[in-house]
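Student:
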Amino acid sequence: MKTTRRIPLQRAQKSATRSGQHAPLIDRGYLDEISGGSGSFCNAMLHNFESRGYRFLNKAGQMLMREQTAEAAKLADQMKPTAAFIGVRQYEEALANFSTALSSGQVELAGKVIRRLTRMTRQIETELTEYVQDNLQSMGWA
């Protein structure tokens, strides 16, 4: 198992914000703990998030256009465990905001949250891909 110096996520986010970079959404230390350094586990986690995340965004967007707010809120609730599994609290909070906006009839706000979730999904995908590549390189597989 590789040893890495773990920088707390909040400190890394503050540092990135000061430097003008995107603050990281994933906590590499947490991912190291749950993966146990397994490259195949990390790769499966990446593919699971990609497929579920983009499927959620597509379906939720379609439901918003059809004003199927109750179904879209249920869909967001189904996505929460995936976000929780990879430890992205901001994504979980955005999903909760999406559900809350829908339940209070604020469809326009829900649309804004979907756009934010789309940006976050892309960033998480990029960060997870980098994490998997770094993990594989450290094991000498890449």
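Residue numbering for the sequence shown follows this note's numbering, beginning at 195 and increasing consecutively.
Glycine included, C-beta positions come from ideal geometry on N, C-alpha and C.
The structure presented is a predicted model; accordingly, all values stated were derived computationally and were not measured.
1. Keeping to the same chain, check which residues put their C-beta closer than 6 Å to that of residue 195; ignore five residues upstream and five downstream.
2. Assuming residue 269 contacts residue 243 (C-beta within less than 8 Å), just tell me the rounded distance between them.
3. Could you compute how far the alpha carbon of residue 328 sits from the alpha carbon of residue 299?
4. Are at least three pairs of beta-carbons, each pair with one atom in the segment 309–324 and one in the segment 278–288, less than 8 Å apart?
5. Span of the alpha helix (DSSP H) holding residue 326?
6. In whole angstroms, what separates the C-alpha of residue 248 from that of residue 334?
7. Residue ranges of each alpha helix (DSSP H) run of no fewer than 4 residues wholly in the segment 234–265, ordered along the chain?
8. Can you list, in chain order, the residues of its chain with a C-beta nearer than 8 Å to that of residue 318? Leave out the 5 residues immediately preceding and following it.
9. Let's see if you can read the secondary structure: which residues bound the alpha helix (DSSP H) around residue 288?
Tutor: Reading it off the structure:
1. Note that residue 195 scores 45 on pLDDT, short of 50, meaning its location in the model is unreliable; the coordinates nonetheless yield the value given after this. Closer than 6 Å at the Cβ level, and outside the excluded window around residue 195, lie 231.
2. Wrong, their Cβ atoms sit about 16 Å apart, outside the cutoff.
3. 43 Å
4. yes
5. 301–332
6. 31 Å
7. none
8. 219, 220, 243, 247, 280, 282 and 285
9. 283–297
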